[in-house]
Amino acid sequence: GQQLNQSPQSMFIQEGEDVSMNCTSSSIFNTWLWYKQDPGEGPVLLIALYKAGELTSNGRLTAQFGITRKDSFLNISASIPSDVGIYFCAGRDIGTYKYIFGTGTRLKVLA
Amino acid sequence: NAGVTQTPKFQVLKTGQSMTLQCAQDMNHEYMSWYRQDPGMGLRLIHYSVGAGITDQGEVPNGYNVSRSTTEDFPLRLLSAAPSQTSVYFCASSYNSDSGNTIYFGEGSWLTVV
């Protein structure tokens, strides 16, 4: 089925380190969204991007909408233990309005 | 401040049984959708709807039916449950407009088929 390619799949980092993850698609999207999911809960929106080239921050999180409209990245600066979780990207298909999700990046922060 | 409401939260079914997962939203969103999430996997789209009376298949529609008789409700029906349908199911909704939207999730429904 259609899914976004999200990388890395998982990562272990030390507390205080910066983290970077990205998503790529073969389709053009008009919206990119980044979510975090904690165990046993639904995804929670972190950042929304609506224009090619847009760079948006939310605290220690920064995300960008790629110029080609086929990719996006999320950076987390100075990671802390509560950053642990699964991060998903999502893109919205222009023709059908449907949202497609990446396979997730599992982040573990070592104190 | 309900947002997207899913019921039930937990359900155990026997193989071959049928059931309906309920989803309702109070934000007047045109777009509603159902995803399933298997362990270690991302969210896979089952069915979606861009408005009342309109439904379409996602990536993994087999074994599921949906209908959209009202803007608020989007139930997901399992016709004859199979162990492969053991999963966490999320309902989500959004406006249809081309930009400036986000998709909002319910809290999830944990389904086990034995």
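Here the protein sequences come in this chain order: L and R. Numbered according to the working numbering, the first sequence spans residues 1 to 111. Numbered according to the working numbering, the second sequence spans residues 1001 to 1114. Cβ coordinates follow ideal geometry from the N, Cα and C atoms, glycine included. This one's a predicted model, so the numbers in the text were calculated from it and none came from an experiment.
Taking a Cβ-Cβ threshold of 9 Å, the residues of chain R close to LYS98 of chain L are TYR1031, SER1033, LEU1045, TYR1048, VAL1050, ASP1056 and GLY1058, in chain order. Straight across, the Cα-Cα distance linking ASP93 of chain L with ILE100 of chain L is about 7 Å. Per the C-alpha coordinates, the member of R:TYR1095, R:GLN1085 and R:ALA1082 positioned closest to THR1071 of chain R is R:TYR1095. Ranked by Cα distance from LEU1079 of chain R, the first of R:TYR1064, R:SER1069 and R:SER1093 is R:TYR1064. For the region 39-51 of chain L, the set of residues with a beta-carbon nearer than 9 Å to any beta-carbon of chain R comprises GLY40, GLU41, GLY42, PRO43, VAL44, LEU45, ALA48, TYR50 and LYS51, in chain order.
In the DSSP assignment, THR56 of chain L is bridged to L:ALA63. Approximately 5 Å separates the beta-carbon atoms of PRO1075 of chain R and GLN1022 of chain R; this is inside 8 Å, confirming the contact.
Non-local beta-carbon contacts of VAL1113 of chain R in its own chain, meaning distances under 7 Å to residues more than five positions away in sequence, involve LEU1013, THR1015, ALA1081, ALA1082, PRO1083, GLN1085 and THR1086 in chain order.
Taking the C-beta atoms as reference points, CYS23 of chain L is found no nearer than 7 Å to LEU49 of chain L. With respect to the 7 Å criterion, ARG1036 of chain R and TYR1104 of chain R are not classified as neighbours on the basis of their beta carbons. Distance from ILE47 of chain L to THR56 of chain L at the Cβ level is roughly 5 Å; contact confirmed, criterion being Cβ atoms closer than 8 Å. It is roughly 4 Å from the alpha-carbon of PRO43 of chain L to the alpha-carbon of GLN37 of chain L. Here DSSP, grouped into helix, strand and coil, assigns SER10 of chain L to strand.
Neighbours of GLU1107 of chain R in chain L, taken as residues at a C-beta separation under 8 Å, are given in chain order as GLU41 and GLY42. Taking a 10 Å sphere around the C-beta of SER26 of chain L, we find fewer than 16 other C-beta atoms and assign the residue as exposed. At a cut-off of 7 Å between C-beta atoms, GLY66 of chain L does not count as an interface residue with respect to chain R. Selection R:MET1027, R:HIS1029, R:SER1067 and R:PHE1010 evaluated against ILE1046 of chain R yields R:SER1067 as nearest (Cα-Cα).
For SER1097 of chain R, the number of other beta carbons within 10 angstroms of its own is below 16, and it is reported as exposed. THR105 of chain L and LEU74 of chain L have their C-alpha atoms roughly 11 Å apart. With contacts defined by Cβ atoms closer than 7 Å, GLU1030 of chain R and VAL1004 of chain R do not form a contacting pair.
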